[in-house]
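Peer 1:
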Amino acid sequence: MSATTSPALTAPVPRTALVTGAGRGIGRELALALARAGYALGLVARTRERLEEVADEARALGAQVTVAAADLVDATAVADAVGRVETGLAGAGGIGLLVNNAGVIERAELPFAADDVEDVWRVVETNVRGPLLVTHAVLPGMLARGAGRVLNVNSGSGHRALPTYTGYAISKGALARFTTQLHRQYADAGLRVLDLAPGVVATDMTAAMPVHTGRTDWTSPQDVADLVLAFAAGELDGLSGRFVRAGADTPASLREHAEQIAATDARTLRLSTWGPDDPVT
Numbered sequence: 055m056s057a058t059t060s061p062a063l064t065a066p067v068p069r070t071a072l073v074t075g076a077g078r079g080i081g082r083e084l085a086l087a088l089a090r091a092g093y094a095l096g097l098v099a100r101t102r103e104r105l106e107e108v109a110d111e112a113r114a115l116g117a118q119v120t121v122a123a124a125d126l127v128d129a130t131a132v133a134d135a136v137g138r139v140e141t142g143l144a145g146a147g148g149i150g151l152l153v154n155n156a157g158v159i160e161r162a163e164l165p166f167a168a169d170d171v172e173d174v175w176r177v178v179e180t181n182v183r184g185p186l187l188v189t190h191a192v193l194p195g196m197l198a199r200g201a202g203r204v205l206n207v208n209s210g211s212g213h214r215a216l217p218t219y220t221g222y223a224i225s226k227g228a229l230a231r232f233t234t235q236l237h238r239q240y241a242d243a244g245l246r247v248l249d250l251a252p253g254v255v256a257t258d259m260t261a262a263m264p265v266h267t268g269r270t271d272w273t274s275p276q277d278v279a280d281l282v283l284a285f286a287a288g289e290l291d292g293l294s295g296r297f298v299r300a301g302a303d304t305p306a307s308l309r310e311h312a313e314q315i316a317a318t319d320a321r322t323l324r325l326s327t328w329g330p331d332d333p334v335t
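Sequential numbering of the sequence shown, starting at 55, is according to our numbering.
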């Protein structure tokens, strides 16, 4: 990855967004924030009933909405869902922003040796295969239009080892590498991609995690939405391929430090070395 900021896009990005895992939690909050900002939406998740409820809320805000229920680890179902969303948003220019939000965590808070390896794999498969399939289906349209943005909802767990939740940490580390790969391969073709950690938002998932029992300091969904909207609007394109965190970063602070981040090649997944004479560089 280059240690310079990405150049400005030369093709327009449609004011449309596909949000996965949009039926509840952070996905719902982001879908409604995008609707309020005037984006046309494609909402994708496994449970149609929940999606339709969010779609009704978004339509009440004036948004055009297409709903497509799909199991995001099923390649055929994903291709069909993305195709339906592309068709639904064709009049608005196709899919301009992809928000890979859908994800799961282990059922038990255990170190790896005590955990159920099948449950660990369920988490890895959902959190990695899902974004891979959805992005692979969305990319051709973005590349044909010469511009698009992909936002991967990540976590500090992708960069920091945990005492438990092995599958979750592995999956988020893999997602961080996927972000850097997309940037390296397609930045010159007009793609911008960002890792966004939402912090700890009060959702059904976090409520079920013992590690958060008694927590009173939660990240505001609005803080997450502010970063998503800034990225969607192109304000964070210079940070493509990098990592930001809601609750710590703001659009203003990231714009202020963008040149320093690029100059030091910061906020990206890498192997640390002992210095310039380290042979592993």
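For every residue, glycine included, the Cβ atom is placed at its ideal position computed from N, Cα and C.
(1) Given a cut-off of 8 Å, decide if Val136 and Ala87 are closer than it, judged by their beta-carbon atoms.
(2) Given this structure, state the Cα-to-Cα distance separating Arg138 from Thr120, to the nearest angstrom.
(3) So, with DSSP's three-state summary, where would you put Ala71?
(4) Threshold first: 4 residues or longer. Then list the alpha helix (DSSP H) segments lying entirely within the region 274-308, N to C.
(5) For the 8 Å Cβ check, are there 3 or more pairs between the region 201-214 and the region 127-134?
(6) With distance defined between alpha-carbon atoms, name the residue in Ala243, Thr335, Leu250, Ala85 nearest to Gly227.
(7) Within 10 angstroms of the Cβ of Ser56, are there 16 or more other Cβ atoms? Answer buried if so, exposed if not.
(8) Could you check what DSSP says for Leu216 in three-state terms: helix, strand or coil?
(9) At what residues does the alpha helix (DSSP H) containing Leu152 begin and finish?
(10) What residues in its chain sit with their C-beta under 7 Å from that of Ser225, if we drop five residues either side in the sequence?
(11) Does Leu152 pass the burial test, meaning 16 or more other C-beta atoms within 10 Å, or should it be called exposed?
(12) Identify whether Thr58 lies in helix, strand or coil by the three-state DSSP scheme.
(13) Rounded to whole angstroms, what's the CA-CA distance from Leu105 to Ala124? Just pull it up for me.
(14) Give the DSSP-derived three-state secondary structure of Thr120 in the structure shown.
(15) Can you find at least 3 beta carbon pairs, one from the region 142-157 and one from the region 196-206, that sit closer than 8 Å?
(16) So what does DSSP say about Ala320, is it helix, strand or coil?
(17) Is the CB of Thr70 under 8 Å away from at least one CB in chain C?
(18) Report the start-end ranges of each beta strand (DSSP E) in the region 173-250 that is 3 residues or longer and not cut off at the edges.
(19) Quick one: what's Leu95 bridged to in DSSP?
(20) To the nearest angstrom, report how far apart Ala167 and Pro66 are at their CA atoms.
(21) Go through its chain and collect everything with a Cβ distance to Val335's Cβ below 8 Å, but skip five positions before and after it.
Peer 2: In terms of the structure at hand:
(1) no
(2) 8 Å
(3) strand
(4) 275-286
(5) no
(6) Leu250
(7) A caution first: Ser56 carries a pLDDT of 43, below 50, which makes its placement in the model unreliable, though a value can still be read off. Classification of Ser56: exposed, given that the 10 Å Cβ count is below 16.
(8) coil
(9) Element bounds for Leu152: not the alpha helix (DSSP H) but the beta strand (DSSP E), 151-154.
(10) Val177, Val178, Asn181, Val182
(11) buried
(12) Confidence at Thr58 is low in this model, with a pLDDT of 48, below 50, so its placement is unreliable and no value can be given for it.
(13) 11 Å
(14) strand
(15) yes
(16) coil
(17) No chain C is present in this structure, which holds just one protein chain.
(18) 202-207
(19) Ala71, Val119
(20) 50 Å
(21) The sequence given here places Thr at residue 335; Val does not occur at that position. Counting only Cβ-Cβ distances below 8 Å, and skipping sequence neighbours, we find Thr327.
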